[in-house]
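Take a look at the structure below.
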């Protein structure tokens, strides 16, 4: 059995893998995302690059520790009319992000990068889901911000928690909106790493 | 504060309400669904009727016990080319259902009924989300059935669990696919029952 390593501190990715009955270890990476955000303006290129950098950083750590496994890394952003929106730093920024997103359609884009400690293969993929919020009043946005779900989440919301009250329509994969496009993960692992997630 | 009562034994509806930070009590109802399934052929009419019957059954129980509250009931079915698909009785039926659904688009339809112990108001609504599976081999379907997620679920799958591996696209509300369209619940409670789910 190959060991799966999730190179992400995201509680949402952790949760969705567990829900799917998958056993895995978590490794944290600390990369400087800003240098990539400044130079890569295409949203898909950016999330694939960031996922790849996270995957390779985790791989280096594991190789040093002489640990083996398949490494899953991902990066998620929100894109609204070409603008790339990440995580909010504080409540004021969370408010501004949600105010921008309400009543309109935006894209949730996740880049996926998968590699293995014992060979040089690195496979990347991405997934895009469009998401539409109900029109929210400023008061409703303030009420939502009080839940603290905005913390650490691209676009300042969490679809599997209280944001379900105002997300009325998505087009695409719902696991991608949580932060990990599970069908893509399933296909990449099966097709490129000889690992079937139904068999673990 | 008005007490919320969920008239459903569904683990999924229970879960999604908790995730949204909502406190509630559960009451179980036992209604004979078959009499309605035999006479109501329109899927939306059927789920709204079943939700209403559940809501009223719960209300009668509560009134007898002199308990007060707002009652939420729901019923979910899958519709594929006009055919109404409910829960599987056994593994063989679960296999047949999943075999029908794979590689095609089907509709997940939830009827919602909300009433209150101390007045005669009964509001119903419904939500439809289309869901698409990856093409699955018979082996993959058998593997999925082994997870037991098919038990007690309309359409024999659970999107928030291992079925995330093969659900690649939905159009509509993702909470509706779990079994409770949260944005509809939010709006009905706010507009008709003077209850704001952000304030509880």
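Chains as they are written, first to last, in the numbering used here: chain A, 1 to 200; chain B, 1 to 200. Even glycine gets a Cβ: it sits at the ideal position worked out from N, Cα and C. All of these numbers come straight from a predicted model, not from anything done at the bench.
- CA-CA distance, residue 87 of chain B to residue 11 of chain A, rounds to 32 Å.
- Between residue 188 of chain A and residue 123 of chain A the beta-carbon gap is near 5 Å, inside 8 Å, which marks them as a contact.
- Between residue 134 of chain B and residue 8 of chain A, the alpha-carbon positions lie close to 26 Å from each other.
- For residue 111 of chain A, no chain B residue has a Cβ inside 7 Å of its Cβ, as the nearest lies near 17 Å away.
- Across the structure, residue 177 of chain B and residue 65 of chain A are spaced so that their CA atoms are roughly 43 Å apart.
- Here the stretch 163-183 of chain B makes contact with the stretch 167-185 of chain A; the two share three or more CB pairs at distances below 8 Å.
- For a Cβ distance threshold of 8 Å, nothing in chain A lies close to residue 78 of chain B: the least Cβ distance comes to about 16 Å.
- Among the residues facing chain A, residue 98 of chain B is not included, as its CB has no counterpart in that chain under 8 Å away.
- Spanning the alpha carbons of residue 53 of chain A and residue 129 of chain B requires a straight line of approximately 36 Å.
- Using a Cβ-Cβ cut-off of 8 Å, residue 152 of chain B does not count as an interface residue toward chain A, since no Cβ of chain A sits closer than that to its own.
- Secondary structure note for residue 13 of chain B: its alpha helix (DSSP H) is the uninterrupted segment 11-19.
- When C-alpha distances from residue 145 of chain B are compared across B/95, B/118, B/111 and B/155, the shortest belongs to B/95.
- Under the Cβ criterion (8 Å, minimum of three pairs), the stretch 40-50 of chain B does not count as touching the stretch 89-106 of chain B.
- Contact between residue 173 of chain A and residue 127 of chain A is confirmed by a C-beta separation of about 6 Å, below the 8 Å threshold.
- Scanning the stretch 70-140 of chain A from its first residue to its last, the whole alpha helix (DSSP H) runs of 4-plus residues come out as 91-101.
- In the same chain as residue 79 of chain B, and ignoring 5 residues on each side of it, the C-beta atoms closer than 6 Å to its own belong to 43, 107 and 109, in chain order.
- Considering only beta carbons, no part of the stretch 53-71 of chain B lies closer than 7 Å to chain A.
- Judged by DSSP secondary structure, residue 5 of chain A falls outside any alpha helix (DSSP H) and instead within the beta strand (DSSP E) spanning 4-6.
- Around the beta carbon of residue 35 of chain B, fewer than 16 other beta carbons lie within 10 angstroms, which makes this residue exposed.
- Spanning the alpha carbons of residue 119 of chain B and residue 199 of chain B requires a straight line of approximately 22 Å.
- In the DSSP assignment, residue 178 of chain A falls outside any beta strand (DSSP E) and within the unbroken alpha helix (DSSP H) covering 174-178.
- Sequence-distant Cβ neighbours of residue 59 of chain A in its own chain, meaning closer than 7 Å and more than five residues away, are 71, 115 and 117.
- Leaving aside the five residues that flank residue 63 of chain B on each side, the residues in its chain whose CB is nearer than 7 Å to its CB run, in chain order, 117.
- In the three-state scheme derived from DSSP, where H, G and I count as helix and E and B as strand, residue 25 of chain B is classed as strand.
- Residue 13 of chain A sits away from residue 197 of chain A, with the two beta carbons spaced by 8 Å or more.
- Residues of the stretch 158-171 of chain A with a Cβ closer than 7 Å to any Cβ of chain B, in chain order: 159, 160, 161, 162, 164, 165, 166, 167, 168, 169, 170 and 171.
- In the DSSP assignment, residue 52 of chain B falls within the unbroken alpha helix (DSSP H) covering 43-64.
- Excluding the 5 residues flanking it on each side, residue 105 of chain A has same chain C-beta neighbours closer than 6 Å at 130 and 132, in chain order.
- Among the CB atoms of chain A, none fall inside 8 Å of the CB of residue 179 of chain B.
- For the C-beta of residue 173 of chain A, the chain B residues within less than 9 Å are, from N- to C-terminus, 164, 167, 168, 169 and 170.
- Closest in alpha carbon position to residue 25 of chain B, among B/15, B/191 and B/192, is B/15.
- If you draw a 10 Å sphere on the C-beta of residue 155 of chain A, you find 16 or more other C-beta atoms in it, and that means buried.
- Checking the DSSP bridge columns, you'll see residue 40 of chain A has no partner listed.
- Partner residues in the beta bridge of residue 169 of chain B, as assigned by DSSP, are B/132.
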